[in-house]
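Participant:
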Amino acid sequence: MKTKVYGRDNNKDLLFILGWGNRVGSHNLMWLVDVTTVAGFRTHVVELPTAIRDFEAEYLSPVREYQGTLGEHVVLAHCMGGLVAAYLNAQRKTVYLSPWWGIFGDKLRRTPLRLVSKIGLGIPFVPIDFSREEIGELTVESDWESVPKRATPVWLREIMKAQRNMPPLQENSVVFCSLKDTVISLKTIGERTNHVIRYDGY
């Protein structure tokens, strides 16, 4: 896990947990970091590893430990970061941006997901077929190149298990998502909460 802090030391803390394959300092995300710092936050950006063997040990525990170093703060979480954030302190106000609480359709090249996830290998051979446009219409080449094109079966197992076992959503949370999104499961979001704000685009 990597972290980087933006903004003034005396500003209110904001914990920003990135999605799968998102990088600290990437062009696609810096505009949002800039918005948060201009709004008066000290933004702690968290980059998650793209291949793990244990959701609790390699995603949740490190983020919880870092969160424990912060004072009063809010949580902003994107895509897979939204899955991790769902397991954090329920007392914190949380804003979810297209949270990855379920897998959209057959977005892993029609791979039999549950069967592959049982293999338990840490070798990245499961093809990911997200297109550049699906990641975002304004995605620059460097950001697209950093997105993994294959996933490991054991990572897939841990993600699917975390999605199945998600705790109830925090009362003081809100979800932003687009009906055009073909990466996340909009159905799962609708089943989890009524606090949804829709926006146009990806």
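Counting from 1, position 66 in the sequence shown corresponds to residue 66 in the UniProt record's numbering; the numbering is continuous, with no gaps.
Glycine included, every Cβ here is placed at the ideal spot set by N, Cα and C.
For clarity, every value in this text was computed on a predicted model and none was experimentally measured.
Leaving aside the five residues before and after Y6 along the sequence, list all residues of the same chain whose C-beta is less than 6 Å from its C-beta, in chain order.
Facilitator: Excluding residues within five positions, the ones whose Cβ falls inside 6 Å are V33, T37, T43.
Participant: Using a Cβ distance threshold of 8 Å, determine whether the segment 63-70 contacts the segment 147-155, with at least three qualifying pairs required.
Facilitator: no
Participant: Does the distance from the C-beta atom of V63 to that of R92 stay below 9 Å?
Facilitator: no
Participant: Alpha carbon to alpha carbon, how far is S185 from P167?
Facilitator: 17 Å
Participant: For the alpha helix (DSSP H) that D181 lies in, which residues bound it at each end?
Facilitator: That residue, D181, is in no alpha helix (DSSP H); it is neither H nor E in DSSP.
Participant: To the nearest angstrom, how far is the alpha carbon of V183 from that of L60?
Facilitator: Whole-angstrom Cα-Cα distance: 22 Å.
Participant: Does DSSP classify N10 as helix, strand or coil?
Facilitator: coil
Participant: Can you name the start and end residues of the alpha helix (DSSP H) that A77 belongs to?
Facilitator: Note, A77: premise wrong, no alpha helix (DSSP H); beta strand (DSSP E) at 73-78.
Participant: Going by the CB atoms, is the gap between Q170 and W101 shorter than 9 Å?
Facilitator: no
Participant: S26 by DSSP, collapsed to three states: which one?
Facilitator: coil
Participant: F41 and L18 look like a contact to me (Cβ under 8 Å); what is the Cβ gap, rounded to whole Å?
Facilitator: F41 to L18, Cβ: 16 Å. No contact.
Participant: Measure the alpha-carbon distance for T3 versus E47 and round it to whole angstroms.
Facilitator: Cα to Cα, T3 sits roughly 6 Å from E47.
Participant: Go ahead and pull the three-state DSSP assignment for A151.
Facilitator: strand
Participant: Let me confirm a value: R109 is counted as buried when at least 16 other C-beta atoms fall within 10 Å, else exposed. Which label applies?
Facilitator: Low local confidence applies: a pLDDT of 46 at R109 is under 50, so the model's placement there is unreliable, and no value is given.
Participant: So, using beta-carbon positions, are M1 and E56 closer together than 9 Å?
Facilitator: no
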